[in-house]
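Read in numbering that gives the first Met the number 0, the sequence shown has 36 at position 37, and its numbers run on one by one without any break. Below is one structure, written out as structure tokens; the observations come after it.
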Amino acid sequence: MTTTMRRRRKAVSLGLVMALTAWSCASHGPIFRRAPAPDGDRALLYVYRADEVRSGGAIELFLDGRRVGRLGNEEYLWFHLNPGIHQLRTVYVARWIGSGGWNRVRVEADVGGRYFLKIWSDYIAVERAPDRAQDMVSVNAFASLQPEKSAVEELALTRLGTRAD
């Protein structure tokens with residue numbers, strides 16, 4: 000087999016793996032619906048994923064140290080919070096690399112508050128490893144509180160993510 004044929008076979012195989020991974024990580028839950036209003040002494044937090052770069056990985060969510068869910072591309076979850084300071088940690092998880100980058104965001108919840116936390120993944124580095132023939136890619140999960148108006152527009156394009164049991 001010639002070098003050109005091996006390269007083509009490798010490129011087709013890689014393309015097929017990427018297509019299957021993207022399909023399996025696609026959003027399958029119900030389309031966005033507003034969360035029920037929190038009780039009078041709680042706040043509402045939406046966490047949603049809106050990636051510019053679609054990836055085959057998921058983002059695991061940990062709220063105050065407890066795993067609370069997982070977001071694929073264009074998915075959301077909501078949580079009712081007690082007033083006070085909360086820490087949300089995001090961890091990018093891809094099938095082929097295990098656990099990737101992570102981030103933490105502090106949310107200070109007030110009674111009756113509505114908060115919108117946008118999560119996205121992005122490539123942070125592409126390096127040629129000296130002992131490998133292929134480039135190495137690093138992916139990280141990013142998070143940022145968003146204004147309600149822009150968040151609601153992005154949320155309208157999402158589906159319900161997966162809650163942890």
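We put the CB at the ideal spot given by N, CA and C, even for glycine. This structure is a prediction, so every number in the text was calculated from the model and none was measured.
Under the Cβ criterion (8 Å, minimum of three pairs), the stretch 55-69 does not count as touching the stretch 146-155. Between ALA49 and LEU43 a beta carbon distance of about 18 Å is seen, past the 8 Å cut, so the two are scored as non-contacting.
In this structure, LEU154 keeps its C-beta atom at 7 Å or more from the C-beta atom of PHE78. Looking from the CA of GLU107, the closest CA among GLY83, VAL90 and ALA140 belongs to GLY83. Around the CB of SER120, 16 or more other CB atoms lie within 10 Å, so the residue is classed as buried. By the CB criterion at 7 Å, ALA57 and VAL92 fall inside the cutoff. According to the DSSP assignment, LEU60 belongs to the beta strand (DSSP E) that extends over 57-62. Boundaries of the alpha helix (DSSP H) harbouring ALA150: 147-154, taken from the DSSP string. The three-state reading of DSSP puts ASP164 in coil, since its state is none of H, G, I, E or B. Counting the other CB atoms within 10 Å of its CB gives GLU74 a total of 16 or more, which places it among the buried residues. Look at ASN139 here: in three-state DSSP terms it is strand. Straight-line spacing of the CA atoms in ALA140 and THR89 works out to 6 Å.
As the crow flies, the alpha-carbon of THR157 is around 17 Å from that of GLU59.
A straight line joining the alpha-carbon of LEU116 with that of ARG41 spans about 17 Å.
For the pair LEU87 and VAL104, the CB atoms are nearer than the 7 Å cut-off. Of the other Cβ atoms in all chains shown, 16 or more fall within 10 Å of the Cβ of ALA142; this residue is therefore buried. Membership of GLY71 in any beta strand (DSSP E) is not indicated, and neither H nor E is assigned to it by DSSP.
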